[in-house]
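Residue numbers (full-length UniProt numbering): 1 to 750.
Structure follows, in structure tokens:
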């Protein structure tokens, strides 16, 4: 039986004995003699009994909180013995003895039960000190608290107010933001490294939720915050987890990255940074993280060897200015990747895009500003104005005696038989079976106008075209479209001769019948087959030093300094019959112009060409008058103004030619036309050469004239941005190119 239950039974028995004793004492004759002494004794018994009950209740509550049972102690055995003795001797001793036994029980039970785990009726010194210390701690903890009675009085005076769930949530968010700001701004326990970034991300997430708009989810807001920290979806999910942890428990998981003040990066060393940049400039497109890590390790090791040698010799052979304490002697590939990201490099798939390195090269920018844009601006007033339906009109401000100018652009593109869809829906990760290679291909060379493809108008029939015996035909059928197809491979490639034939024999006749009385402005890119030269062109690079040999027979030149022509070939009646009809050679041509010299200004011999090293020319542009014979002759005006065969034949037929700047594919609107056509072929790919022959004409017809006109207007906006002096890729450039609904999303505002 539990001790407390046994104590309660003993207490009940003591009460019954006390009541019986009172009844017995009331029957005695000498009850009046007891007087005030017995009354005082009864009051003392009642007080001690109440005090004992209170202590028994305290013992019971303490045992319930601790949830354990007390062992049967020695003083409980004494109580049991006393109660059993009192019950056994009740009939023998009478009522007066009962009162004495009750006094003994009261002294042995109630006084002993008053003080738990104590010797005697008073507390020990240790327990007294412990109790005082507990009282002081309770008073200290309750020093700033408001008594419960005051809250009851306030609630009684003020009516109850209803608080909605949204208000409670808002109050919780505000309290969380206030506490988080206090922790971030705290100077006692300053956050740093990964811990600081985590707390800042949670603070930003809490603040952005207060301004959440309709339709935005917590997942989207967390991703926006993660993008501000240059992180992705994983970091966004962690932000949501940290935010819930902070709101509920005011705790955010701590990270150790970046929290060590003694750690220094090798990239902060000027010598290491210089070595890294030198290695990157020499590696070119073969940059790898492992290669960079190895290069840094080799440099650090060589520098430490140099320092050891300097210490042995007693000289300071290297002083970087930065202590090497806390830095390892090598770096890992992961660290090298972070360094490459800091230095502006990105890792990704190689795709066709703008070649930025050449796009803003000095000579390319000079051609764009000094040649292309001025020529374009001078020809714009004469250009025919096209509409989306393909119709055109002559400009009203056309000068007298000038022909309307029709802008025609050209480019080539290839279509492959196995070039199908790049993305598709897959069931349970099942990959479709595709061929490894792109398959056989067909090259298409085409011409476009701002109003659509260059072709014969529908008002002219094939019979009318056949009346011209020189009209180009394909399989006996007159050609109506300026699109040329070539199945490349097996020594069948698109060369300069085929390009000239396509332009002069197909595109030009179609233009003359589609735009009668107009002049064409043909625009080409800087491909090699667009700028190939004629066999007799004036090219110093193809000339030998002496006469004869394998050098070509060139056309006559013109000496502008003497205002007379110059033959590049010996006449047939030359006194030396060995030279009759042979090329003169570079030395003889320069001697006739008075430009050949035995030595250069720096004292070195004057050679045909400067020696090359590592596939790099050894010519020095700083030498006055030229460093070699090829450089001197190529700088002559007649050689410098030599044009390609395509340009020469077009200008000879009365047309104009303009070349786009190098690496400026964004100015040619036919590039967008190829994109739309290839999208059609990929969506309708039959994975066979026969199917490709059928799909390509359908793909070209799928792009409407209105779409082509919009492509042209987009390129004109880009051209206008260049005319304003803006650089490609800048924010001002994008804002200028994309107007009104053509809007560029500013990711910096996320």
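Think of the CB as a built atom: it goes at the ideal place given N, C-alpha and C, for glycine as much as any other residue. Since this is a predicted model, take the numbers as computed values, not measurements.
Start-to-end residues for the alpha helix (DSSP H) that takes in residue i
i: residue 559; result: Run containing residue 559: none in the alpha helix (DSSP H); it sits in the beta strand (DSSP E), 557 to 559.
i: residue 509; result: 508 to 514
i: residue 566; result: No alpha helix (DSSP H) holds residue 566; the beta strand (DSSP E) holding it covers 564 to 566.
i: residue 225; result: 218 to 228
i: residue 725; result: That residue, residue 725, is in no alpha helix (DSSP H); it is neither H nor E in DSSP.
i: residue 638; result: 637 to 640
i: residue 692; result: 689 to 701
i: residue 135; result: 125 to 141
i: residue 187; result: No alpha helix (DSSP H) contains residue 187, which DSSP labels as neither H nor E.
i: residue 537; result: Careful: residue 537 lies outside any alpha helix (DSSP H) and carries neither H nor E.
i: residue 503; result: Where residue 503 is concerned, there is no enclosing alpha helix (DSSP H), given that its DSSP letter is neither H nor E.
i: residue 233; result: 233 to 249
i: residue 674; result: 670 to 683
i: residue 286; result: Taken as a continuous stretch (DSSP letters only), residue 286 belongs to no alpha helix (DSSP H), as it is neither H nor E.
i: residue 197; result: 194 to 210
i: residue 801; result: The requested residue 801 does not occur in the structure, where the chain is confined to residues 1 to 750.
i: residue 644; result: First-last for residue 644: undefined, no H or E at that position.
i: residue 593; result: 586 to 593
i: residue 569; result: No alpha helix (DSSP H) holds residue 569; DSSP gives it neither H nor E.
i: residue 456; result: Counting along the chain, residue 456 falls outside any alpha helix (DSSP H), and DSSP gives it neither H nor E.
i: residue 630; result: 629 to 634
Option in the options with minimal Cα separation from residue i
i: residue 378; options: 521, 271, 334 and 643; result: 521
i: residue 296; options: 270, 588 and 597; result: 270
i: residue 197; options: 491, 184, 645 and 348; result: 184
i: residue 438; options: 688, 711 and 279; result: 688
i: residue 692; options: 375, 418, 729 and 239; result: 418
i: residue 665; options: 237, 359 and 245; result: 359
i: residue 493; options: 444, 474 and 506; result: 444
i: residue 255; options: 220, 267, 195 and 244; result: 195
i: residue 460; options: 474, 500 and 515; result: 515
i: residue 280; options: 233, 304, 406 and 341; result: 341
i: residue 657; options: 246, 265, 138 and 376; result: 376
i: residue 301; options: 277, 590, 330 and 311; result: 330
i: residue 247; options: 233, 170 and 212; result: 170
i: residue 422; options: 678, 694, 336 and 695; result: 678
i: residue 177; options: 626, 164, 642 and 207; result: 207
i: residue 641; options: 232, 560, 497 and 228; result: 560
i: residue 766; options: 283, 267, 278 and 638; result: Because the chain in this structure spans residues 1 to 750, residue 766 falls outside the shown range and cannot be described.
i: residue 347; options: 380, 287 and 381; result: 287
i: residue 538; options: 633, 488, 456 and 575; result: 633
i: residue 669; options: 292, 416 and 452; result: 452
i: residue 675; options: 550, 414 and 527; result: 414
i: residue 636; options: 351, 124, 593 and 245; result: 593
Extent of the continuous beta strand (DSSP E) to which residue i belongs
i: residue 657; result: 656 to 659
i: residue 521; result: 519 to 524
i: residue 484; result: 483 to 486
Residue i and residue j closer than 8 Å at C-beta
i: residue 411; j: residue 525; result: yes
i: residue 275; j: residue 299; result: yes
i: residue 408; j: residue 372; result: no
i: residue 478; j: residue 486; result: no
i: residue 130; j: residue 179; result: no
i: residue 557; j: residue 568; result: yes
i: residue 218; j: residue 240; result: yes
i: residue 618; j: residue 610; result: yes
i: residue 182; j: residue 364; result: no
i: residue 752; j: residue 552; result: Here the chain comprises residues numbered 1 to 750, so residue 752 is not present and cannot be evaluated.
i: residue 472; j: residue 519; result: no
i: residue 223; j: residue 233; result: yes
i: residue 257; j: residue 193; result: yes
Residue i: CB within 7 Å of a non-hydrogen atom of the ligand GTP
i: residue 476; result: Within the structure as shown, the ligand GTP is missing, as the structure has no ligands at all.
Checklist line | Meets three-Cβ-pair contact criterion under 8 Å: the region 359 to 370 and the region 478 to 488 | finding: Three or more Cβ pairs closer than 8 Å define a contact, and the region 359 to 370 falls short of that threshold against the region 478 to 488.
Notebook entry, point to check: On the three-pair Cβ rule with 8 Å, is the region 431 to 441 touching the region 390 to 409?
Noted result: Verdict: no, contact absent.
Notebook entry, point to check: Along the chain, which unbroken stretches of the beta strand (DSSP E) at least 3 residues long are found entirely within the region 410 to 454?
Noted result: Those beta strand (DSSP E) runs which fall completely within the region 410 to 454 and span 3+ residues are 441 to 449.
Margin query: For the structure I just gave you, are there three or more beta carbon pairs, one from the region 494 to 514 and one from the region 538 to 557, closer than 8 Å?
Written below: With the cut-off at 8 Å, the region 494 to 514 and the region 538 to 557 do not touch.
Note to self: Check whether the region 637 to 649 and the region 672 to 686 touch, using three or more Cβ-Cβ pairs below 8 Å as the test.
What the structure shows: When Cβ pairs closer than 8 Å are counted between the two stretches, the region 637 to 649 is seen not to touch the region 672 to 686, the count staying below three.
Check: What are the uninterrupted segments assigned as alpha helix (DSSP H) that are 4 or more residues long and contained completely in the region 329 to 412, given in chain order?
Finding: List check, alpha helix (DSSP H) in window: 333 to 342, 356 to 359, 362 to 367 and 373 to 379.
Note to self: Quick test of the definition: if touching needs 3 or more C-beta pairs under 8 Å, does the region 702 to 722 touch the region 383 to 390?
What the structure shows: Touching, per the Cβ criterion.
Next item on the list: Would you be able to state if there are at least three C-beta pairs under 8 Å between the region 620 to 638 and the region 496 to 510?
Entry: Contact fails: fewer than three Cβ-Cβ distances are below 8 Å.
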